[in-house]
Amino acid sequence: MPLLIVLCSGQNRLTLACVSDQFLSELNLWCLSREEAIRATGNADSPYFELITPLQYRSTLLGGIIEVPKDFLTDLGSIPRAVWWWLSPDDYDISYPSVIHDYIYKQKGDLSAQQLPQKRVDRETADRVLREAMAAVGASNFRQGVVYNAVRTFGPRW
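Take 160 as the starting number for the sequence shown in the working numbering and just add one per residue.
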């Protein structure tokens, strides 16, 4: 079973190491202040994080390695606060997978900058990659299913 390890938790920095053969790098994040989040995204409804180093993930669905670049902004999992008792945005079952999913969504499926056989994916494929990545970190089938169905139903359209 994959393992997530908190290596460093400074004032604004969080480093997570995931022992999984599909995630090829640590997740190094800088937590933006509320003011920085508003400047960068226009809102601060939830915490935002900036990747300090690129995040690489080997996806069977995409047929290769996708790399989320340094400086990419993410809110991790866009999970309603009412269910944070069950799954919070920084939970290991969703943190790594959410960064990959956020990147594909923000690109609106355009993966032409990646070294992948598929240069464009649809929203459904992006959501399936989220589920695949959740499996890679050891999330239960139940959690994978709930999150997948939630993003299929409530996720933004593009």
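The beta carbon of each residue, even a glycine, is placed where N, CA and C say it ideally should be.
Any idea if residue i is buried or exposed, counting beta-carbon neighbours within 10 angstroms, 16 or more meaning buried?
i	result
Asp230	exposed
Arg316	exposed
Ile253	buried
Gly236	buried
Asp261	buried
Val296	buried
Cys167	Its pLDDT being 40, under 50, Cys167 is placed unreliably in this model, and the value from its coordinates should be taken loosely. Result: exposed.
Ala241	exposed
Ala199	exposed
Asp249	buried
Ile197	exposed
Met160	With a pLDDT of only 38 at Met160, under the threshold of 50, the placement of this residue in the model should not be trusted; the figure read from the coordinates follows. Looking at its Cβ environment, which holds fewer than 16 other Cβ atoms inside 10 Å, Met160 is exposed.
Ile164	Note on Ile164: pLDDT 38, under 50, position unreliable in the model; the coordinate value appears next. Ile164 comes out exposed.
Please tell me whether residue i and residue j are closer than 8 Å, where the distance is taken between their beta carbons.
i	j	result
Gly268	Arg282	yes
Ser257	Thr233	yes
Val280	Ile259	no
Glu209	Leu188	yes
Leu275	Ile225	yes
Tyr255	Phe182	yes
Ser247	Leu214	no
Val310	Met293	no
Gly222	Gln277	yes
What residue range is occupied by the uninterrupted alpha helix (DSSP H) comprising residue i?
i	result
Phe301	300-313
Glu194	193-200
Could you give the residue range of the beta strand (DSSP E) that holds residue i?
i	result
Arg217	214-218
Leu289	Note, Leu289: premise wrong, no beta strand (DSSP E); alpha helix (DSSP H) at 282-295.
Leu186	186-190
Discussion item. Check whether the region 287-305 and the region 212-225 are in contact - that is, three or more C-beta pairs closer than 8 Å.
Written reply: yes
Discussion item. Which runs of the beta strand (DSSP E) at least 3 residues long sit entirely within the region 203-261? Give them in chain order.
Written reply: 208-210, 214-218, 223-227
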